[in-house]
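One structure is given here, and the rest of the page talks about it.
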Amino acid sequence: MKTLSLKKIPVSLGIAILMAFLISIPFFASDYWITLLVLIFIFTVYASGWNLFSGLTGYTNFGLAWFIGVSGYISSLLISDYGFFWLYAWPIGAILTSIASIGVGYILLRIKGVYFAISMVALTEGTRELFGTEYLAPITHGGQGVPFVAGIKLPTLYWAILLLAFLSLLICYKIISSKFGLRLLAIREDEQAAETLGIHTTRDKIIAFMISAFLVGLAGSIHFTYQNYIDPSFAFSIHLTLTPIVMTLFGGIGTVFGPFIGATLFTLIHEILWAELTLLYMAIFGGILMVLILFFPQGLLGWMKEKGVLPRIRKI
Amino acid sequence: MTKEPILRIEDVVKKFGEVVALDHCSFDIEPGSMTGLIGPNGAGKTTLFNLITGVLQPDGGHIYLKGEEITRKKPYEIARKGVGRTYQIIRIFPKMTLLENLIVVGKGRKVIERARDLLRLIKLEEKKDDYASDLSFGQQKLLSLAQVLMLDAHLILLDEPAAGINPTLQNELMVLIHQLNEGGKTIIVVEHDMNVILRHCQKVIALNYGQKIAEGSCSEIQKNETLLEHYFGR
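Chains as they are written, first to last, in my numbering: chain A, -9 to 306; chain B, -19 to 214.
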């Protein structure tokens, strides 16, 4: 029987206490706070999913909204048009998006650097246009969107996204601490050198891309169920791509908890500024972002690692 | 009975636009040998390494590894068949620790143990948790060699391993390379320092303008008129 290391107890105990607190929130918090937390967790998964692929491989994915929109549409249409129960519709959307991402990744991950980023933007924009056209309207309902009610109560949705956020961070942790994670980092550091050292870079990139697609897609399905509405302009909007990226940069790219910290602080700051300084909040928010980019380019966790507050190295 | 060559380069051609980097180059490398590959800058030495390791594809000719054609294979496939290389400009993974730089290459269960053994071999075990970018230039060269050893390569291509390092470290490095050769590894070394080549290699192949201009033992090479004229300007 393994003995529990004393050094591990505080971290896992801390996480357990935090999770217990978060799970209990719907029993005492108002709908406003539950809703705020739902958004934080949705964006935690978006940011974590982006970080898992882009943070580790160095391939900047500017098409995160493609995963969100495709999965969101599949699950929303299954619920609204085919009467699927949300518990089945969500994973179906995510799985189909993940499968589709194999084809996308096989073609587009041969392109490097800024060209990959641009091609993902083009794919997302093209899909947005396609979903809004009259030709696909019999399936997608075109530009008018799909209003629907999934019949899920707010606390249930909250627990579902909390669970997904926890699993996303756990998956991220497991991958970063694994040989697979090291291979992804090697791709980021020097892909050609990695290949000449026996790393099947194409396969590993596609696997990471698929996992990212699944997690982000699943969060997307939950997001649009929460909104009771989906349309092409929001489902594939650049905002859904850029916001998680900024959150990840804010918290610390390539770290496990960076996306969660970034999503939480970003959402809270955004909410406070919007409530207190409605006319100036975008300007102030932009100023805060500039300060962070100038003085904390590695994100908060990266800065803490440099100062020795957090350990630098991964535990493999 | 002659042994099958571990590497056969057969009539290989490589062009970059109108520039012919390798021009119908052919030679064999015997298993367990240590061969020096010499030539002036632009002779085609690094291009040849890139073709052997699959980084580039030839425009003509064939490359065989232990009798199997590897001409069009991907770099990771060739690496897994036991071909490892170092680069003229060091290419390790700077934001990964020394231990991670080795673990990421290894396969099988005892990867961490093997990585530690290799770090001990190159005398960098106490720096195992340091980032590779924190190492000195010479230490990075040693790490680069350790990565190739982690791959368990039996054909090792070394692109100017002694360049830019102090004589003491150079000596340590060449002793290590010799040990590997004596242990059965086949080694091809690109070097400009002829003392290194003549002291350590059994055979020398000379390239110039993409063509093989000489091939033979060290003593034969030193008397080769064509080589003396092209390479040494005599």
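From the three backbone atoms N, C-alpha and C, an ideal C-beta is built for every residue, glycine too. On a predicted model such as this, the values are computed, not experimentally measured, just so you know.
Nearest to residue 226/A by alpha-carbon distance, out of 135/A, 73/A, 129/A, is 135/A. For residue 187/B, the enclosing beta strand (DSSP E) has its first and last residue at 183 to 188. For residue 132/A, the closest alpha carbon among the candidates 286/A, 122/A, 79/A is that of 122/A. Going by beta carbons, residue 183/A and residue 71/B fall inside the 8 angstroms limit. Taking one beta carbon from each stretch, the stretch 17 to 27 of chain A and the stretch 226 to 238 of chain A have fewer than 3 pairs nearer than 8 angstroms; the two do not touch. Within the same chain, 50, 51 come within 6 angstroms of residue 44/A by CB-CB distance, once the 5 residues on both sides are set aside. Within the stretch 40 to 58 of chain B, those residues whose Cβ lies closer than 9 angstroms to any Cβ of chain A are, in chain order, 54, 55, 56, 57, 58. Under the DSSP assignment, residue 295/A falls in the alpha helix (DSSP H) whose first and last residues are 289 to 296. The beta carbon of residue 13/B is closer than 7 angstroms to those of 166, 182, 183 in its chain, skipping five residues each way along the sequence. According to DSSP, residue pairing for residue 14/B in a beta bridge involves 167/B. Residue burial annotation: residue 19/B is buried, with at least 16 other C-beta atoms found within 10 angstroms of its C-beta.
In its chain, beyond the 5 residues on either side, 32 have a beta carbon closer than 6 angstroms to the beta carbon of residue 213/A. Within the stretch 154 to 187 of chain A, the complete alpha helix (DSSP H) runs of at least 4 residues fall at 169 to 186. Residues are counted here when their Cβ sits less than 9 angstroms from a Cβ of chain B; for the stretch 163 to 186 of chain A these are 169, 172, 173, 175, 176, 178, 179, 180, 182, 183, 184, 185, 186, given in chain order. With a cut-off of 8 angstroms on Cβ pairs, the stretch 60 to 67 of chain A is not in contact with the stretch 162 to 181 of chain A, counting fewer than three such pairs.
Excluding its 5 nearest sequence neighbours in each direction, residue 186/B has C-beta neighbours in its own chain below 6 angstroms: 18, 19, 193, 194, 207, listed in chain order.
A contact between stretches requires three or more CB pairs, one per stretch, nearer than 8 angstroms, and the stretch 147 to 161 of chain A fails this requirement with the stretch 31 to 42 of chain B. Between residue 255/A and residue 162/A, the gap from beta carbon to beta carbon reaches 8 angstroms or more. A direct Cα-Cα distance of roughly 16 angstroms separates residue 101/A from residue 198/A. The stretch 74 to 84 of chain A and the stretch 95 to 110 of chain A do not touch, with fewer than 3 CB-CB distances between them shorter than 8 angstroms. Assigned with DSSP and collapsed to three states, residue -10/B falls in strand. Residues are counted here when their Cβ sits less than 7 angstroms from a Cβ of chain A; for the stretch -11 to 7 of chain B the count is zero. In its chain, beyond the 5 residues on either side, -15, -14, -13, 15, 166, 168 have a beta carbon closer than 7 angstroms to the beta carbon of residue 9/B.
Residue contact check for residue 35/B against chain A: a CB pair falls below 8 angstroms. Cα atoms of residue 151/B and residue 172/B: separation of roughly 16 angstroms, rounded to the nearest angstrom. Residue 179/B is classed as exposed because its beta carbon has fewer than 16 other beta carbons within 10 Å across all chains shown.
Residue 192/B is bridged by DSSP to 187/B.
DSSP, read as helix, strand or coil, puts residue 245/A in coil. The shortest C-alpha to C-alpha distance from residue 164/A to any of 98/A, 8/A, 46/A, 279/A is the one to 46/A.
Approximately 6 angstroms separates the beta-carbon atoms of residue 96/A and residue 196/A; this is inside 8 angstroms, confirming the contact. The beta strand (DSSP E) runs of length 3 or more contained entirely in the stretch 22 to 75 of chain B are, from start to end of the chain, 40 to 45, 63 to 65.
Judged by beta-carbon spacing, residue 127/B lies within the 8 angstroms limit of residue 85/B, meaning their Cβ atoms are closer than that value. Uninterrupted alpha helix (DSSP H) stretches at least 4 residues long and entirely within the stretch 51 to 113 of chain A occur at 54 to 72, 76 to 98, given in chain order. Close to residue 188/A, with beta-carbon spacing below 7 angstroms, are these residues of chain B in chain order: 56, 59, 60, 85, 131. Counting along the chain, the unbroken beta strand (DSSP E) around residue 7/B starts and ends at -1 to 9. Residue 175/B sits exposed, since fewer than 16 C-beta atoms from the chains shown fall within 10 Å of its C-beta.
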